[in-house]
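Take the sequence shown: its letters are residues 466 to 682, numbered as in this note's numbering.
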Amino acid sequence: MRVKAVVSVAAAVMSVAASLLSTAVASAADCPDAEVIFARGRYEPPGIGRIGQAFVDSLRGKTPKSVGVYEVNYVADWNVVPGANDMSRRMQYLATNCPNTRQVPGGYSLGAAVVDVVLGSNRAQFGFNSPLPASVADHVAAVVLFGNGTRSIFGPVAAANSPLYGPKTLDQCNVDDPICNGIDPNTLADNWNSHLQDAYIDSGLVDQAAQFTADRL
């Protein structure tokens, strides 16, 4: 998958770079059993967003293991590349400094496209300058995506283009979501609510993703 294609599609569908993380070796006490690395949706306030928080809350209720959280640092406007660089750097940091921590990258809407860039490209290009070494895949327990706009063009991008991450990926798309199921101008307005956070939380898709993840920790 070409990063340029994902960046372009994310911008069309959804209409700085973070500071480098410290490379100091973490102590065991600093390393949770699992860490959710989540990219929020477009124009959500800083944090992991409503779907990210609902996912983390559900996951913590399904496993006795400690679950840490990392909020991907990006503006969440149109550009997925800064978020992809930040997510990739965090994943590489954990693999080196917390090798026993099971990583769970995820994202909603624009944030799902962030994940697609990180997992779908094995080389630096178009501003994405932190490609993941293949060895990081061994540290990833699950990948969870919600309302993934690039899916409507490329299919489930991470799964389709990455043999390393495909079997670990759950790409959740609500039945009438006009973003991940393809845009139809005739029904876009009527179905827009199916793309919003409440639709994913209330439908049980977030809870399903939490169970999918808990089973793999």
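Built from N, CA and C at the ideal position, the CB exists for glycine as well.
I want to know whether the stretch 560–577 touches the stretch 497–517 - three or more CB-CB distances under 8 Å.
yes
Assign F520 to one of three DSSP states: helix, strand, or coil.
helix
On the three-state DSSP scale, how would you describe P628?
Correct three-state label for P628: coil.
Rounded to whole angstroms, what is the Cα-Cα separation between F503 and N639?
19 Å
Which residues does DSSP list as the beta-bridge partners of Q568?
DSSP, once it has assigned bridges, lists E500, V605 as partnering Q568.
With C-beta atoms as the reference, is A589 less than 8 Å away from L682?
no
N- and C-terminal bounds of the alpha helix (DSSP H) containing G576
In the DSSP assignment, G576 falls within the alpha helix (DSSP H) that extends over 575–585.
When you compare each of S553, Q673, V540 to N587 by their alpha carbons, which one comes out closest?
S553
Local Cβ density within 10 Å of P596, reported as buried at 16 or more and exposed below that
buried
Are F593 and V537 close, meaning C-beta to C-beta below 8 Å?
no
Please report the distance separating the alpha-carbon of P511 from that of C496.
23 Å
Less than 6 Å between C-beta atoms, sequence neighbours within five positions excluded: which residues of the same chain meet that for T528?
Result list for T528: A679, L682, in chain order.
In the DSSP assignment, find the beta strand (DSSP E) that holds T561 and state where it starts and stops.
No beta strand (DSSP E) contains T561, which is instead part of the alpha helix (DSSP H) from 546–562.
Exposure of G585, with buried meaning 16 or more beta-carbon neighbours within 10 Å
With at least 16 other beta carbons inside 10 angstroms of its own, G585 counts as buried.
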